[in-house]
Structure formats: structure tokens, C-alpha cells
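To start, the structure itself, in C-alpha cells.
In my numbering, the protein residues as written are 2 to 391.
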């Protein structure tokens, strides 16, 4: 309508275009908002000086959509431009600057640039401590994000330290417990699980579940998420029947609550599939893993890293029933997708290369197996401190 009355595109049109993009964003329509945000940005750049606040906001909007589409290199440039504008001209807009810095940190982490990612999150913390010290919840989110990066580097003790800092801050923000506290309990639980401290991990997961049941009974999806994590712990200690019970509890809640496909349902289906895998029921495992993969392909953007991981996981399952052609097909698809999401030398690319080598070894194609193992080793030497995955 406004474009009809203002064919050259005035600033009112830009505001409406941005508003439409925002609504489409909230509706999780990954591709549609981009066109509206880009049109709004084009108009703003025509009418405003290059360092105008509205331009920075639109740059962030465009970056968000590109990031959700796994177009991380492009997204990073938009966030960097936005951050430059905000830091130079609007230092008091600390929440917006910190948000953009966190997004930069998120992308740098995906790109395997862990030190730069941590520095970006620390910059976000610094600017909020200076200009907006009351934003304890946002500072806590940055602390948690640093913890997650350290987790990915197997620096678990350091990760726990950042999670504890985050937890202390969140308890000041809302002592009675809130969603972020529950999430941080879960993060700590996940780190302890990686450290194979399963009893302690289970305790933190149950503390998270207790908060959800008391404070968020109206959000059964959150309760289901915690049940899934508890199922993960029981699976890790090979208590498969208990794990299966928790996964099924979660799945019943999720299917009733969502009534349609949802990423939380994916996690429960994968958990059930994993239990069947570890119990040697590979046909049942493949059934559940395929169901979760189909749901991911419907819900997530193309080339999403989680889809790649599910493809690889299916390939590994086919290895166990000696269906090597299927195994190879899924693993090669996973490799192609991972390379679109991550740098070529990312350790997860190395993990898939190793897995492809395993399948070629099973096929007795030893030269090809050796080639893939050597390519994986080259990546591990570059991306991991000890030269091998933990």
C-alpha cells in the first residue's frame, strides 16, 4: 500500500517494510523476512546519513536472517557494519551494541575462530558493564556463551567457571529462579556429563526440571526438554530402560503440546533412536533417526549443521548392519553440508572425514580409507590442541 503511494520509497515505507519483516521473523519464516529487511535498508540508506541508527538496526535484522540461513560469512559483515555504526555514534545504545557483538561471537564460534569469538562476547560484557550494568541477564547470557565455546574446546573446568559466574549473576537478577537459571543449570549439567560426572550432571538437570515444574508449568515444552536431557544421562550410564522412559515421557508431552512437527520432538525421537542403537536394535534405531531427520529437513534452513549431523549419524548406524552403500551415501551428504556450514578445517569436518574412512575400510577400499583418515588427521592437527578429538 505505502509503496503504491510512495513509489520512490520514503522513510515511512521503510518502517512498514521493517515491521512486516519483523512479524515474518517471529513466525519463523526464515526466507521471507530478508526481502523486506533489505528493501527497508535500501530506502534508509537513500534517505539517512550512512551512520544513522535505523541503518544499524536494519543491518542487524538482515544479519539475523542470513545467520538463520547459515550464510554466516555474509551475516558477519552486516553485524560488523552495524557494530561500527553503533560504537561510533551511539555508545549509549549498549544493549544493541552488545546484541550485535554476541551475534558476531556466535558466528566466529561456528567458523572455528574460538579466541575471536570469546573476545567478541567479552566486549559485549564490557560495554554492558560500563553503560548498562543493570542488564545482568544479558551479561549472564554472554558469560554462558563463553562457557559453551570453552566446552567445545574441551576446556571444561574453565567452562564451568563461566557458567558459575553466569549463575551468580542470574540469581541476583531473579533470586526465585527463572528460565535462564534453569538453562544454566542444564548447561552445567551438560558440561559435567562431558566430564563423565554423570551423578553430578543428573543433579543439575533435575534442579533445572524442578524450576520448570514450579515456575513454568504453563510451558510443558520446557519440562519436556529437561526430561530429554535426563534421558540422555541415563543413556550415557547405559541405563537404557530408564532413558527410554524419560524420552517417551518427553515425547508424549511434546506431541500433545505442539500438535505438529517441532525441533523438540526431533530431540526426543533422536534419543529414542539412540537407545535402540545402543541396545543393538539397529532397524528400530534407523526408523526413529529417519523420522527425526525428515522433521529437521522440514523445520530447519537448508544446510543446517544439525541436519548434517543427523545424516552422518544415520550413516554410522547403517555401518552396523553392513549396509555400507547407504552408510557412504549419508556420510558424503553430511560432508557436503558441513563444508557449507563450517570452514574446511573445522574439527567436525574432520570427524566426518574419519567416519567416511571407516566405511571405506569396511568396504576393504583401503587406499580410499587411508586418504580420508589422513585428511581427518590433518584437520585435527590444526584445530585441536592435542591433535586428536577428546
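Every residue gets a Cβ at the ideal spot worked out from N, C-alpha and C, and that includes glycine.
Bear in mind that the values here come from a model prediction, so they are computed numbers and not experimental data.
- Residue 71 is positioned such that its CB atom lies no closer than 8 Å to that of residue 108.
- In the DSSP assignment, residue 242 falls within the alpha helix (DSSP H) that extends over 241–259.
- When the five nearest sequence neighbours on each side are left out, the beta carbons in the same chain lying within less than 6 Å of the beta carbon of residue 286 are those of 274, 277, 278 and 318, in order along the chain.
- Residues 148, 151, 152 and 192 of the same chain have their beta carbon placed closer than 6 Å to that of residue 160, with the five preceding and five following residues left out of the count.
- Take residue 291, set aside five residues on each side of it, and the residues of its chain with a beta-carbon closer than 8 Å to its own are 315, in chain order.
- Apart from the 5 residues on each side of it in sequence, residue 324 has no Cβ closer than 8 Å to any other Cβ in its chain.
- For the pair residue 15 and residue 44, the CB atoms are nearer than the 8 Å cut-off.
- In the displayed model, residue 121 falls within a helix according to three-state DSSP.
- Shown here, residue 238 sits in coil according to DSSP, grouped into three states, outside any helix or strand.
- Taking the Cα positions, residue 208 is about 29 Å away from residue 130.
- In the DSSP annotation of this structure, the continuous segment of the alpha helix (DSSP H) that includes residue 58 starts and ends at 54–69.
- Residue burial is scored here from C-beta neighbours: residue 321 has fewer than 16 other C-beta atoms within 10 angstroms and is therefore classed as exposed.
- Straight across, the Cα-Cα distance linking residue 280 with residue 271 is about 14 Å.
- When the five nearest sequence neighbours on each side are left out, the beta carbons in the same chain lying within less than 8 Å of the beta carbon of residue 103 are those of 121, 122, 125, 142, 143 and 146, in order along the chain.
- Within its own chain, the residues whose Cβ lies closer than 7 Å to the Cβ of residue 349, once the five positions on either side in sequence are excluded, are 339 and 343, listed in chain order.
- Going by beta carbons, residue 312 and residue 341 fall outside the 8 Å limit.
- Remark: C-beta atoms of residue 57 and residue 86 approach each other more closely than 8 Å.
- Rounded to the nearest angstrom, the Cβ distance from residue 48 to residue 19 is 13 Å, too far for a contact under 8 Å.
- As the crow flies, the alpha-carbon of residue 376 is around 7 Å from that of residue 351.
- The alpha helix (DSSP H) runs lying completely inside the segment 186–245 and spanning 4 residues or more are 199–216 and 221–237, given in chain order.
- DSSP places residue 272 in the uninterrupted alpha helix (DSSP H) bounded by 264–279.
- With respect to the 8 Å criterion, residue 105 and residue 81 are classified as neighbours on the basis of their beta carbons.
- Residue 173 counts as exposed, since fewer than 16 other beta carbons sit within 10 angstroms of its beta carbon.
- Cβ-Cβ distances below 8 Å link residue 206 to 186, 187, 190, 227, 230, 231 and 234 in the same chain, with the five nearest sequence neighbours on each side left out; the list follows chain order.
- With at least 16 other beta carbons inside 10 angstroms of its own, residue 181 counts as buried.
- Shown here, residue 34 sits in a helix according to DSSP, grouped into three states.
- Going by C-alpha positions, residue 171 is about 7 Å away from residue 137.
- With contacts defined by Cβ atoms closer than 8 Å, residue 238 and residue 199 form a contacting pair.
- CA-CA distance, residue 256 to residue 53, rounds to 46 Å.
- Residue 169 and residue 327 have their alpha carbons spaced roughly 49 Å apart.
- By the C-beta density criterion, residue 337 is exposed, having fewer than 16 other C-beta atoms within 10 angstroms.
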